[in-house]
Ligand code: ATP
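In the numbering used here, the protein residues as written are 2 to 362.
This is the structure:
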């Protein structure tokens, strides 16, 4: 293989901040990315994902902190001096250049001899499986093929880091799944180090070695997909990881491994994820998969069913409590809208968090 990505041990963000006037888009973001890692930056719209990526790429100056590639400070360098590969949502291909010329553009700008450009472009074409398409213009390619050209163009310059900003969001659902697998394959085959921005938790869970969850410009949690999925540290991270039911209540008992909340008069017991004192407001977070129709008893809520949707293997229902709390649950059987039922969650499947605002530091 002639494409050999530059070697380094780690990229470090050291208390990176970025302000836009009075807005703190990034606040003291610290993060170490090891060589060959696939890192996903995940969070809701406006949380600072693209700002982080653009600060790393050099498209935006930082307003505080520093970025290091091993022992070299890079945040003071121009984007082209950093030499990171970028892949954007809109591909950003040159419309008047064919596939081969688009991919080779960065090498040509660097004054690489033609024979070497041809060899590297050929290899990149093979890696993204675009042989046979090299003489077409971007306008003659499908969205997925254009995104492959953008990826080939990013990696052919042999960057230490590949930065991707929502690269799949312009593709339809089926192609998105296909390209997701392709991106991970290319990352593995090249031994690349990739930072990937997405707001799609499935994408982050399936692609990344580690996920960084951002909110309001602050890192909320860093961990492997399994850690984030099973042990979210805050309510907003849990929300992102599919805990759609958030039951607000008050702490009435705090035992060693279980905490009990009073939610509209019902006692809901779960696992505490944050320090909580007796009497404080808290949230019990439960995935729809873990909320099932059951008999009245412990850890149950009385609800009235609102809707019931058939989803092939199962039904997804919505319901509300007398106090107006909306819930989503799964069921193997259809339940009539309007029916009064009880929903139950096993206490080890219930995570209890501090009030969302307090949990935001
Ligand atoms: P999305 O998923 O919607 O792209 P994001 O997480 O990537 O969101 P950013 O684009 O990083 O979010 O924006 C973070 C915050 O900074 C937002 O509040 C945004 O409005 C603000 N912001 C970003 N770029 C600028 C700019 N050039 N001028 C002023 N404010 C900006």
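Virtual Cβ for every residue (Gly too), placed ideally from N, Cα, C.
Comparing C-alpha distances from residue 113 to each of 321, 126, 159 and 265 shows the shortest one belongs to 159. Proximity to residue 269 across 143, 123 and 251 peaks at 251, based on C-alpha coordinates. If only uninterrupted beta strand (DSSP E) runs of at least 3 residues are considered, those enclosed by the region 237–263 are 246–255. Nearest in C-alpha terms to residue 211, of all of 330, 227, 201 and 218, is 227. Nearest to residue 92 by C-alpha distance, out of 48, 151 and 34, is 151. In terms of side-chain proximity, the C-beta atom of residue 129 is found no nearer than 8 Å to any non-hydrogen atom of the ligand ATP. 52 is the residue among 67, 52 and 66 whose C-alpha sits nearest the C-alpha of residue 60. Here residue 50 is buried: its Cβ has 16 or more other Cβ atoms, across all protein chains shown, within 10 Å. With a cut-off of 8 Å, the C-beta of residue 59 is classified as distant from the ligand ATP, since no heavy atom of the ligand falls inside that distance. Close to the ligand ATP, as judged by a C-beta nearer than 6 Å to any of its heavy atoms, are the residues 21, 24, 26, 44, 46, 47, 48, 49, 50, 51, 52 and 200, in chain order.
The residue from 139, 176, 116 and 298 with its alpha-carbon nearest to that of residue 266 is 298.
The residue among 56, 146 and 87 with its C-alpha nearest the C-alpha of residue 166 is 87.
Contact annotation: residue 285 and residue 248 have beta-carbon atoms nearer than 9 Å. When the alpha-carbon of residue 291 is set against those of 140, 45, 318 and 322, the nearest one is in 318. About 5 Å separates the beta carbon of residue 10 from that of residue 71, a gap short enough to meet the 8 Å contact definition.
Taking a contact to require three or more Cβ pairs closer than 8 Å, the region 161–181 and the region 124–137 do not qualify as touching. The region 228–238 and the region 309–325 do not touch, with fewer than 3 CB-CB distances between them shorter than 8 Å.
The alpha-carbon separation between residue 278 and residue 356 amounts to approximately 12 Å. Going by DSSP, residue 16 is part of the beta strand (DSSP E) stretching over 11–21. Taking the Cα of residue 65 as reference, the smallest distance to any Cα among 73, 77 and 58 is reached at 77. Per DSSP, residue 111 lies in no alpha helix (DSSP H) segment and is marked neither H nor E. Around the Cβ of residue 139, a 10 Å sphere holds 16 or more other Cβ atoms; the residue is buried. Straight across, the Cα-Cα distance linking residue 207 with residue 13 is about 24 Å.
Under the DSSP definition of a beta bridge, residue 350 lacks any partner.
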